[in-house]
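Data block below; observations after.
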Amino acid sequence: MNYENYDPCFPDQPVVDLYLPVWSNLPSFLSKPAFIWVEDGDLPISTLTYPQLNYSAHLVASHLLNLHLKVNDTVLILCSPGLQLVQVLFGCQRAGLRSVPIFPYDPSSLTASSTNLHHLIRVLSQTKPKVAIAQKDYIVSIQHYISLSSNDKKLSELLQKLRWVSVEDMEVVPNIKVPSDFCNSSLFSSYKGCKPEDVYLIQYTSGATGIPKPVLVTAGAAAHNVRTARKAYELLPSDVIVSWLPQYHDCGLMFLFLTVVAGATCVLTSPVSFLKRPRLWLELITDFKATCTPVPSFTLPLVVRRGGPDQGTKSLSLWSLRNLIIINEPLYRAPVIEFIDEFTPFELNPSCISPSYGLAENGTFVSTAWISMADHKGGGSTSFQIPTFKQLLPSARLAPATSDGKNDRDQDEEDIDIIIVNENTHELVDDGIEGEIWIASPSNASGYLGYPSLTNEIFHARLKGHLTKNYVRTGDRGVITGEERFLFITGRCSDVIKLRDDREVHPHYIETAAYNSHPKLLRGGCLAAFQISNTIVLVAELQRIDKQDPQLDEMLRKACERIKEEVWNKERTEVGVAVLVENGTVPKTSSGKVQRWLAKHKLMRGEMRTMIEVHFGATPAMLERQREEMDHYFSNSKTTRLSLLSLL
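Per UniProt numbering, residue 1 is the first one in the sequence shown, and the count goes up by one each step.
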């Protein structure tokens with residue numbers, strides 16, 4: 001796929017920050033909003049124009065450099081979601097500093113058993129920031145936390161070593177006034193910010209398959225990544241983006257940079273506002289006539305259930321939407337069709353559906369299967385013509401190769417090379433055969449901070465017998481099918497369940513079948529299937545239920561039996577143990593991905609809030625034996641024990 005931007009209307013810049021003076025110098029951009037912040041309710045919106053963002057980046061950079069920080073020093077950003085976070089991110093890049101944006105956890109929630117506490121300790125220990133930037137009230141709460149002797153001593157010591165800087169002291173406000181004598185044209189000749197080869201961002205992986213790792217992203221790789229995404233989604237300065245995604249990592253962070261590269265306008269709100277009232281997302285699309293919006297795959301069924309036409313009085317009109325970008329594999333067709341059928345009466349065009357793929361190790365964006373279908377008009381789900389593979393939607397449309405091996409859609413060298421490889425032999429597999437997805441691209445990150453061996457293994461992979469370019473091993477399974485060579489993400493290598501008959505099954509198929517057995521009792525997207533010895537275990541969260549119901553135990557037992565029956569009927573796979581747990585028990589990442597590895601760990605350690613645990617054809621002592629084996633393993637593996645405890 002060749003998505004690089006060679007359009008003369010979009011002059012390429014080596015780093016994202018340098019797009020700001022490009023747009024700010026254009027008369028048509030003098031009052032054009034770059035970002036708009038919206039709270040749910042009647043609160044006024046806040047606006048940040050391109051000239052204001054450009055000037056605030058200058059102010060932040062000047063303030064930080066006056067602290068005698070050196071180029072490539074690390075800055076921890078603990079700002080609340082909003083426009084100030086955007087201003088600080090661009091200011092750090094202009095100052096030539098490394099940014100580590102993370103959510104500002106409430107200090108009162110940082111208890112000994114809190115994953116937030118251990119993640120904050122991990123970030124501080126691994127990235128070694130010199131300065132932390134936050135709002136004044138948050139800094140006061142941190143200082144109070146440090147003063148209490150009852151709190152975690154290690155975290156207190158790490159926080160105390162930091163130099164704290166408030167956004168208020170840097171005069172970072174959304175409605176900042178740009179002086180008439182501020183000249184940004186000199187930035188191009190004397191730019192002292194991050195160079196393309198400089199690491200400007202440390203972005204942590206989601207933690208879906210293991211403990212989050214710090215990914216080193218260079219300014220040049222990030223610029224290439226968002227230019228690639230801009231071209232793939234055909235974004236223009238006339239576009240309006242709506243995003244409620246977390247602004248600290250992955251797609252939510254990438255879309256901040258993508259907005260600036262495209263010269264577009266992005267309407268932001270918080271994930272909390274969306275989860276409280278999912279219909280807000282559709283209302284923002286309606287109000288701002290949004291053309292593009294990125295959402296995790298769980299969004300569509302959630303909005304159908306809690307944000308549909310009967311969930312509010314405000315009228316909806318989705319005619320403007322051209323790119324509804326769906327992320328977080330697996331991408332099932334059924335909930336997309338359900339969403340299309342629900343909202344086609346509100347002028348949703350099915351051709352806007354944009355199944356996409358990305359990962360932190362490649363900046364974020366990798367590919368999309370979206371096809372511009374301007375000639376397809378209306379028509380409900382029947383006009384949704386993207387193919388499927390085992391119920392899944394594709395995440396890329398790879399150009400077919402000609403007889404000489406070149407891309408017949410574009411003869412230039414591809415910017416993002418996606419291949420499917422046998423994960424054990426490191427040999428290419430034929431189309432139609434599942435394997436590990438490998439990616440080679442200028443967007444590739446530099447590696448993991450503090451993990452040299454793992455960096456070499458993941459970021460410098462090569463095909464067997466080939467002295468070729470380096471590939472990034474994604475750890476994701478995929479398959480390429482059809483003449484258009486659509487790429488389907490089928491699951492994760494580490495999650496694959498191997499059955500006794502030598503078949504392999506991806507746990508999301510088991511989880512989907514289990515959920516469909518009791519959609520009103522179980523929480524969608526809150527199930528985890530995994531293997532203990534040769535037994536498949538299914539953990540499922542319950543909806544809120546009446547724990548005083550005298551028939552509860554019998555009802556839950558029958559539900560477990562129904563789960564086992566449905567999984568067998570749909571997947572021909574035996575569930576050995578079904579565990580129903582309380583609402584909020586199954587661990588998930590901040591972007592909604594189920595952490596199966598952590599669910600397994602918590603279950604084996606007896607840390608699940610279990611309502612019922614039913615064993616089918618197995619002794620009830622099975623899990624207890626496994627817990628003993630894990631304890632024995634920990635006693636002989638100091639590194640593994642400490643790394644897991646650092647998370648838990």
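We put the beta carbon where it would ideally sit given N, CA and C, even for glycine.
Legend entry - DSSP three-state assignment for L18, whether helix, strand or coil: Here residue 18 is taken as the residue at index 18 of the sequence shown, counted from 1. In the structure shown, L18 adopts helical secondary structure according to DSSP, grouped into three states.
Inset, instruction - Can you check DSSP and say which residues form a bridge with D417? - result: Along the sequence shown, read from residue 1 onward, the residue named residue 417 stands at position 417. According to DSSP, which records beta bridges pairwise, D417 is partnered with A440.
Legend entry - CA-to-CA distance, F343 to residue 653, given in whole angstroms: The chain is shown only over 1 to 648; residue 653 falls outside these bounds and no answer can be derived.
Inset, instruction - List the DSSP bridge partners of I480. - result: Locating residue 480 in the sequence shown gives position 480, counting from the first residue. Paired residue(s): L487.
Inset, instruction - Quick one: give me the first and last residue of the beta strand (DSSP E) that I433 is part of. - result: On the sequence shown, residue 433 is found 433 positions in, with the first residue counted as 1. Taken as a continuous stretch (DSSP letters only), I433 belongs to no beta strand (DSSP E), as it is neither H nor E.
Inset, instruction - Identify whether H118 lies in helix, strand or coil by the three-state DSSP scheme. - result: Taking the first residue of the sequence shown as position 1, residue 118 is located at position 118. Here H118 sits in helix by DSSP.
Legend entry - Collapsed DSSP secondary structure at Y138 in the structure displayed: Numbered from 1 along the sequence shown, position 138 holds the residue referred to as residue 138. If DSSP states are grouped into helix, strand and coil, Y138 belongs with the helices.
Inset, instruction - Under 6 Å Cβ to Cβ from residue 650, same chain only, skipping five residues before and after it: list those, please. - result: Given a span of 1 to 648 for the chain in the structure shown, any question on residue 650 remains unanswerable.
Inset, instruction - Tell whether a beta-carbon distance below 9 Å holds between P33 and T265. - result: On the sequence shown, position 33 is the one that residue 33 refers to. On the sequence shown, position 265 is the one that residue 265 refers to. Result yes, Cβ atoms of P33 and T265 sit closer than 9 Å.
Inset, instruction - Could you check what DSSP says for A61 in three-state terms: helix, strand or coil? - result: Taking the first residue of the sequence shown as position 1, residue 61 is located at position 61. Three-state DSSP puts A61 in a helix.
Legend entry - Rounded Cβ spacing between residue 650 and H119 (contact assumed at less than 8 Å): Within the shown structure, residues of the chain are numbered from 1 to 648, placing residue 650 beyond reach of any answer.
Legend entry - Integer Cβ distance of D198 from G96, believed to fall under 8 Å: Mapped onto the sequence shown, residue 198 falls at position 198. Mapped onto the sequence shown, residue 96 falls at position 96. About 7 Å separates the CB atoms of D198 and G96; that is less than 8 Å, so the two are in contact.
Inset, instruction - Using three-state DSSP, classify H68 as helix, strand or coil. - result: Position 68 of the sequence shown, counted from the start, is the residue given in the question as residue 68. In the three-state scheme derived from DSSP, where H, G and I count as helix and E and B as strand, H68 is classed as coil.
Legend entry - Euclidean distance between Cα positions of P14 and H426: Stepping through the sequence shown from its first residue, residue 14 is reached at position 14. Stepping through the sequence shown from its first residue, residue 426 is reached at position 426. Those two C-alpha atoms are separated by around 34 Å.
Inset, instruction - Leaving out five residues on either side along the sequence, give the residues of the same chain with a beta carbon under 8 Å from the beta carbon of K154. - result: Taking the sequence shown and counting its residues from 1, the one referred to as residue 154 is at position 154. Answer for K154: I121, listed in chain order.
Legend entry - Sub-9 Å separation of H249 and S180 beta-carbons: In the sequence shown, counting from the first residue as 1, residue 249 sits at position 249. In the sequence shown, counting from the first residue as 1, residue 180 sits at position 180. Taking 9 Å as the Cβ cut-off, H249 and S180 do not qualify as a contacting pair.
Inset, instruction - Indicate the three-state DSSP secondary structure (helix, strand or coil) for W164 in the structure shown. - result: For the purposes of this step, residue 164 is taken as the residue at position 164 of the sequence shown. Strand, per DSSP.
Legend entry - Residue environment, D476, which counts as buried when at least 16 other CB atoms sit within 10 Å: Position 476 of the sequence shown, counted from the start, is the residue given in the question as residue 476. So D476 ends up on the buried side.
Legend entry - Given A232 as reference, the closest of I510, D415, R279 once Cα atoms are compared: Taking the first residue of the sequence shown as position 1, residue 232 is located at position 232. D415 is the residue among I510, D415, R279 whose C-alpha sits nearest the C-alpha of A232.
Legend entry - Which residues DSSP lists as bridging I536, in chain order: For the purposes of this step, residue 536 is taken as residue 536 along the sequence shown, with counting starting at 1. Paired residues: Q531.
Legend entry - Contact set for G252: own chain, Cβ-Cβ below 6 Å, skip 5 residues either direction: The count along the sequence shown starts at 1 and reaches residue 252 at position 252. Once the five neighbours on either side are set aside, the close Cβ partners of G252 are L245, P246.
Inset, instruction - Can you grab the Cα-Cα spacing for the pair L463 / L428, in whole Å? - result: Here residue 463 refers to the residue found at position 463 of the sequence shown. Here residue 428 refers to the residue found at position 428 of the sequence shown. Approximately 7 Å between the Cα atoms of the pair.
Legend entry - Unbroken beta strand (DSSP E) run spanning T265, endpoints: Looking up residue 265 in the sequence shown gives position 265. Boundaries of the beta strand (DSSP E) around T265: 265 to 268.
Inset, instruction - Would you mind sorting K588 into buried or exposed? The rule is 16 or more other CB atoms within 10 Å of its CB. - result: Start at 1 with the first residue of the sequence shown, and residue 588 comes out as number 588. The residue in question, K588, is buried, as its Cβ has 16 or more Cβ neighbours within 10 Å.
Legend entry - I458 classed as buried or exposed, judged by whether at least 16 other C-beta atoms fall within 10 angstroms: In the sequence shown, the residue the question calls residue 458 occupies position 458. Buried is the call here.
Inset, instruction - Look at the Cβ atom of V594, then the Cβ atom of G525, and state whether they are nearer than 9 Å. - result: Here residue 594 corresponds to residue number 594 of the sequence shown, with the count starting at 1. Here residue 525 corresponds to residue number 525 of the sequence shown, with the count starting at 1. Yes, they are a contact pair.
Legend entry - Cβ neighbour criterion (16 or more within 10 Å) applied to M555: Taking the sequence shown and counting its residues from 1, the one referred to as residue 555 is at position 555. M555 counts as exposed, since fewer than 16 other C-beta atoms from the protein chains shown sit within 10 angstroms of its C-beta.
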